[in-house]
Amino acid sequence: MKVSMRGILFLVFVACLGGCASSGVRVTGGTDAESLGVQSETAATTSFSGGVHRIIVAYNDETNSQATIQYTSSTRQVLHGASLMGWSYSNDDGVTWKYGGKLTPPSEWAVLWGDPGLTTSRRNYGMVFMSNLAFPEAKFPAGGHSGYVDASVAGGACLFRSLDGGVSFKFFQCLSDRSPVPGSTSASKGHFYDGASLAAGPGGEIYASYVDLDTSQIVVYRSADGAQPFAPIPLPFPGYYVGSHPRIQVGPDGVLFVMAVGKQSSGPNPSYMLMASRFVNGAWGNVTLITQALTYPDVDLGSSLLGSNLDLRTGPQFSFDVGTQSDVVDDSVRFLVTQRNGAGWLFVRGGVCNYTLTSCGWYAGWTFGVDTVRGQESQRIDVFNPNVVAFPGFFFGIAPRWQGSFLTRYGNSTSTLNLTRATLGYVNGMPFTIPVDIAQNQPLCPDQRGYMGDYDAHLVVRVDSNSVRFTRFMTDATNGCVQRWYFTSRHQHVRAFSYDY
Numbered sequence: 018m019k020v021s022m023r024g025i026l027f028l029v030f031v032a033c034l035g036g037c038a039s040s041g042v043r044v045t046g047g048t049d050a051e052s053l054g055v056q057s058e059t060a061a062t063t064s065f066s067g068g069v070h071r072i073i074v075a076y077n078d079e080t081n082s083q084a085t086i087q088y089t090s091s092t093r094q095v096l097h098g099a100s101l102m103g104w105s106y107s108n109d110d111g112v113t114w115k116y117g118g119k120l121t122p123p124s125e126w127a128v129l130w131g132d133p134g135l136t137t138s139r140r141n142y143g144m145v146f147m148s149n150l151a152f153p154e155a156k157f158p159a160g161g162h163s164g165y166v167d168a169s170v171a172g173g174a175c176l177f178r179s180l181d182g183g184v185s186f187k188f189f190q191c192l193s194d195r196s197p198v199p200g201s202t203s204a205s206k207g208h209f210y211d212g213a214s215l216a217a218g219p220g221g222e223i224y225a226s227y228v229d230l231d232t233s234q235i236v237v238y239r240s241a242d243g244a245q246p247f248a249p250i251p252l253p254f255p256g257y258y259v260g261s262h263p264r265i266q267v268g269p270d271g272v273l274f275v276m277a278v279g280k281q282s283s284g285p286n287p288s289y290m291l292m293a294s295r296f297v298n299g300a301w302g303n304v305t306l307i308t309q310a311l312t313y314p315d316v317d318l319g320s321s322l323l324g325s326n327l328d329l330r331t332g333p334q335f336s337f338d339v340g341t342q343s344d345v346v347d348d349s350v351r352f353l354v355t356q357r358n359g360a361g362w363l364f365v366r367g368g369v370c371n372y373t374l375t376s377c378g379w380y381a382g383w384t385f386g387v388d389t390v391r392g393q394e395s396q397r398i399d400v401f402n403p404n405v406v407a408f409p410g411f412f413f414g415i416a417p418r419w420q421g422s423f424l425t426r427y428g429n430s431t432s433t434l435n436l437t438r439a440t441l442g443y444v445n446g447m448p449f450t451i452p453v454d455i456a457q458n459q460p461l462c463p464d465q466r467g468y469m470g471d472y473d474a475h476l477v478v479r480v481d482s483n484s485v486r487f488t489r490f491m492t493d494a495t496n497g498c499v500q501r502w503y504f505t506s507r508h509q510h511v512r513a514f515s516y517d518y
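Heads up, the sequence shown is in my numbering, so the first residue is 18 and it goes up one at a time.
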């Protein structure tokens, strides 16, 4: 492969012209109420209502939760009425942020428990849906629940809807499957749903998806127009053991795409594959096995903080979007997936699928981190938690954009991470990109389990002339790390990093 050096230099110039490392903008933690609580793990969308363009970000929110979520150094007690369903919004393209508040559990549901999902109707830009996992009253003990969340209390998800562009939300519907599962004594009171992903179709359809941990399947619900109730559609991966949260997107013609990580082989060291399928005319197509994948690897940072080992728990190790294909090939679907090299380091590999998912492959030119350790590397590099976001372009002259982002760890022993972005593009028709840090040396403050938010959002927030603004959210510990208990730590808040490209 011969790549033009002029093209490479131009990519470097354009990348930094669009913004290199910055300090970002504080989203939460600036008020007394927020600063006392923890906010992490984000989903985001944009809206347009009342003449205002708005960015909305949802997160796991412990603002004013002292009465319903109580901690000791070794355990956690969750009481009736607890909620992690909080959000913020910006009316000025992310320059400043306003706390939206927290939602309370609806009737017959005891707790709203995070894993946020957000989407905006493509027919009504003021209609926004937000999802949280939920604990039904039928499962929840009168005295509360201690320790880890499991199938004994978790039993579905609840959706709230905004009709004012994300300023306020009202309860819309809770989703649950109460069919019996062999070997489970609690499934008949609600299957354990985890990891939300929401998407909207061009005809007004709204989709909500989760992994059902009782059946190890991805479940998808559909509302025809955001006004009709959600109802389940068929399973996208029947016959496969699913080991990750789902991610869903909807194409310009209304085709629904879903990806998840599924088990390829069993045994003491099972292997996993990134899988994809399309929902067309009321039915799922064939399952496409794309490439090797990981489920939820831990990242050992080789250091300690406040007397405990510094490890990071991770979320879904893949992302994809559906956008405009290039002149080179039908690459309408582009993805990033985390893999592990022979030395145990994590790296991210990028690739493409055509729109019908009949042809998929990865590109060596879209590899981030070290795919093969050859012995001369003196410092460890881990790259993980990828995101992909597409801007389709406009007919009147604004070209399509494809962006990826991920977390990067440098050094055998470290207590910080970088947030990195890259254009998933080509030079002289060949896959090639230059990664650029948009945040450097971000301090960490996970709890003793390694939790500091499992996933974060990356999205287009503004289009201006021929410039497109992207925002990537990240858990923020710049207020300092003053406490690390088993189930909580301080400080964790939300920060936004924006750049134009």
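The C-beta atom is built at its ideal place from N, Cα and C for all residues, glycine as well.
These numbers were taken from a predicted model, which means no experiment stands behind them.
Annotation: the continuous alpha helix (DSSP H) that includes Asp49 extends over 49-53. Ranked by how close their Cα comes to the Cα of Phe188, the residues Phe146, Gly256, Gly200, Gln83 have Phe146 in first place. Given a length threshold of 3 residues, each whole run of the beta strand (DSSP E) inside the segment 394-459 is given here in chain order: 398-408, 418-427, 433-440.
Taking 7 Å as the cut-off, the Cβ atoms of His262 and Asp229 do not count as close.
One Cα belongs to Gly212, the other to Leu150, and the distance between them is close to 8 Å. Residue environment: Arg195 is assigned as exposed (fewer than 16 neighbouring CB atoms within 10 Å of its CB, all protein chains considered).
Closest option to Asp109, judged by alpha-carbon separation, among Thr341, Ile72, Asn77: Ile72.
It is roughly 27 Å from the alpha-carbon of Ser163 to the alpha-carbon of Ala60.
Excluding five sequence positions before and after Val69, the CB atoms of its chain that fall closer than 6 Å to its own CB belong to Asn108, given in chain order. CA-CA distance, Ser282 to Tyr289, rounds to 7 Å. For Ile250, there is no enclosing beta strand (DSSP E), since its DSSP letter is neither H nor E. Judged by their CB atoms, Ser179 and Phe186 are nearer to each other than the 7 Å cut-off.
Under DSSP, Ile86 forms a beta bridge with Val95. Val345 is classed as exposed because its beta carbon has fewer than 16 other beta carbons within 10 Å across all chains shown. Scanning Ser482, Gln459, Arg489 for the CA closest to the CA of Gly497 turns up Gln459. Note on the segment 328-362: whole beta strand (DSSP E) runs with a minimum of 3 residues are 335-339, 350-357, in chain order. Taking the Cα of Cys175 as reference, the smallest distance to any Cα among Tyr238, Val166, Gly183, Gly220 is reached at Tyr238. Taking the Cα positions, Asn483 is about 7 Å away from Ala416.
Secondary structure at Ala204: helix, using DSSP grouped into helix, strand and coil. Measuring C-alpha to C-alpha distances from Asn141 to each of Asp388, Trp362, Asp242 identifies Asp242 as the nearest.
In the structure shown, Tyr258 falls within a coil segment according to DSSP collapsed to helix, strand and coil. When the beta-carbon positions are compared, Gly54 and Thr80 come within less than 7 Å of each other. Going by C-alpha positions, Pro255 is about 25 Å away from Pro314. Per DSSP, Arg195 lies in no beta strand (DSSP E) and is assigned neither H nor E. With a cutoff of 7 Å on beta-carbon distance, Ile455 and Phe514 are scored as near each other. Trp114 places its beta carbon 7 Å or farther from that of Ala75. Out of Val272, Ala474, Pro153, the CA that lies nearest to the CA of Gly302 is found in Val272. Residues of the same chain with a CB within less than 8 Å of the CB of Gly143, apart from the 5 flanking positions on each side, are Ser64, Phe65, Ser66, Gly67, Ser179, Leu180, Asp181, Gly182 in chain order. For Phe274, the uninterrupted beta strand (DSSP E) run begins and ends at 273-282, by DSSP.
When only Cα atoms are considered, Asp493 and Leu306 end up about 35 Å apart. Under DSSP, Pro153 shares a beta bridge with Trp126. Leaving aside the five residues that flank Ala127 on each side, the residues in its chain whose CB is nearer than 6 Å to its CB run, in chain order, His97, Phe152, Glu154, Phe157. Bounds of the beta strand (DSSP E) holding Tyr210 are 210-217. Boundaries of the beta strand (DSSP E) harbouring Tyr238: 234-240, taken from the DSSP string.
Asp167 sits exposed, since fewer than 16 C-beta atoms from the chains shown fall within 10 Å of its C-beta.
Taking all protein chains in view, the Cβ of Pro219 is surrounded by fewer than 16 other Cβ atoms within 10 Å, so the residue is classified as exposed.
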